[in-house]
Each structure stands twice: as structure tokens, then as C-alpha cells.
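Report on one structure; see the data block that follows.
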Amino acid sequence: MQKASEYLETLRCRMDNDNLKKLLAIPDFRVHQFVAEAAELCNPRDIFVCSDTPDEIAYIKHMAIASGEECAALSTPGHTFHFDGYFDQGRDREVTKFLVPKGDFLDPALKQIDRDEGLREILGLLRNSMSGRTMIVRFLILGPANSIFTIPCMECTDSWYVAHSVSLL
């Protein structure tokens with residue numbers, strides 16, 4: 002396990018001062034660790050931290066259009082659209098694998114893989130996957146806000162479309 006100073010150095014070399022300041026405003030070390038480990042694994046050129054200001058939300062939408070991930074050619078002002086590519090069907094039963102701990106089994110109709118083996122495969126696919134791109138960090142909640150059912154979570158993506166979609170949900 003790395004030290005806090007090593008995580009901070011990982012972040013510092015990929016973030017400008019404004020984005021680093023936004024991230025460090027969150028006092029939970031686990032947040033810094035999570036983003037630093039994601040950056041080490043995915044190797045983005047830089048990191049943009051979204052703190053959900055209207056300007057940042059507009060910037061994300063602009064980048065989704067500018068990158069070609071979304072299109073604004075609709076008759077309704079402010080609306081955009083996105084089409085998944087033919088090979089972007091991530092829930093295809095033939096290629097979706099369920100990670101299962103040793104000794105556990107799911108329905109035989111589901112394609113299963115040992116959890117440890119599956120994690121190695123996933124980490125291998127993620128290694129350098131954001132090279133030359135920007136990692137966008139979003140902070141979200143699952144469930145209703147301010148409830149015992151609220152689950153805080155984070156998203157690290159290099160897709161401006163994915164980051165924009167979060168604002169719509």
C-alpha cells in the first residue's frame with residue numbers, strides 16, 4: 002500500500018492546481034487513493050474533477066459534442082443524442098462474464114469466471130486504457146439523497162458522453 006504522499010504525487014503530476022484543489026477539498030483519504038490508483042492503472046494524460054458547478058456541467062456537455070461522442074443536431078435547443086456502436090453492447094450474454102468467488106455458482110445459463118481470474122482480466126484491460134486522454138472524475142449518489150439508503154460513489158471515465166449522461170440521470 003502506498004503512502005498518502007505517494008498518492009498525492011501521482012495526482013499532482015496529472016492535475017492542474019484547480020482540479021487538485023477540488024479533489025483535496027474532500028477530506029477522505031480513500032477518495033484520493035481511489036483516484037490515484039485509477040490514474041496509475043488507466044494512465045490518463047490529465048484528470049478533470051467535476052464539482053457539479055453549472056459551468057463544469059456545461060463544459061462536460063460541450064466536450065461530449067466536441068469529441069464526437071454526442072451530436073447536437075436536433076431541433077430542440079440544448080438537447081443532444083448518442084448512438085452506441087454495434088460492438089458496444091456490453092450486456093451481450095455471450096460475452097458478459099459474472100465474477101464468482103471460488104466455491105460459489107450462479108445459474109448455469111450465465112457465463113461465469115473465477116473472481117480472482119476475472120479481476121486480473123479486467124485490470125489487464127484497464128491498464129493504459131486512458132493513455133493520451135482525460136480522466137473525468139464525477140461524485141454521485143445511488144438512492145435517494147439524505148437517506149439511510151444513500152450510497153456515495155465515484156466515477157472515473159474517459160468518456161465525455163458517459164460523464165454527461167450522469168448529469169441527466
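With positions in the sequence shown counted from 1, the corresponding number in this note's numbering is that position plus 1. Glycine residues also receive a C-beta, built at the ideal position from the N, C-alpha and C atoms.
Asked	Found
Using the C-alpha atoms, what's the distance from GLY69 back to ASP19?	26 angstroms
Taking only the alpha-carbon atoms, compute the straight-line gap between LEU111 and LYS103 and give it to the nearest angstrom.	16 angstroms
Where do the N-terminal and C-terminal ends of the alpha helix (DSSP H) with SER31 fall, by residue?	The amino acid occupying residue 31 in the given sequence is Arg; Ser does not appear at that position. Its alpha helix (DSSP H) spans residues 30-43.
Going by the beta-carbon positions, is the gap between ILE137 and PRO153 smaller than 7 angstroms?	no
Could you name each continuous beta strand (DSSP E) segment of 3 residues or more that falls completely within the stretch 43-113, going from the start of the chain to the end?	47-50, 99-101
Based on Cα-Cα distance, which residue from VAL96, VAL50, ASP85 lies nearest to THR158?	VAL50
Report the CB separation of ILE48 from SER168 in whole angstroms; it is logged as a contact under 8 angstroms.	That pair is no contact at about 18 angstroms.
Out of curiosity, what's the CA-to-CA distance linking MET2 and TYR8?	Note that MET2 scores 49 on pLDDT, short of 50, meaning its location in the model is unreliable and no value can be drawn from it.
In angstroms with no decimal places, state the Cα-to-Cα distance between ASP56 and PRO78.	18 angstroms
Using a Cβ-Cβ cutoff of less than 6 angstroms, which residues in the same chain neighbour PHE150 once the five nearest sequence positions on both sides are dropped?	GLY144
Going straight from the alpha carbon of TRP161 to that of PHE106, what length do you get?	37 angstroms
Would you tell me roughly how many angstroms separate the C-alpha atoms of LEU21 and SER6, rounded to the nearest one?	14 angstroms
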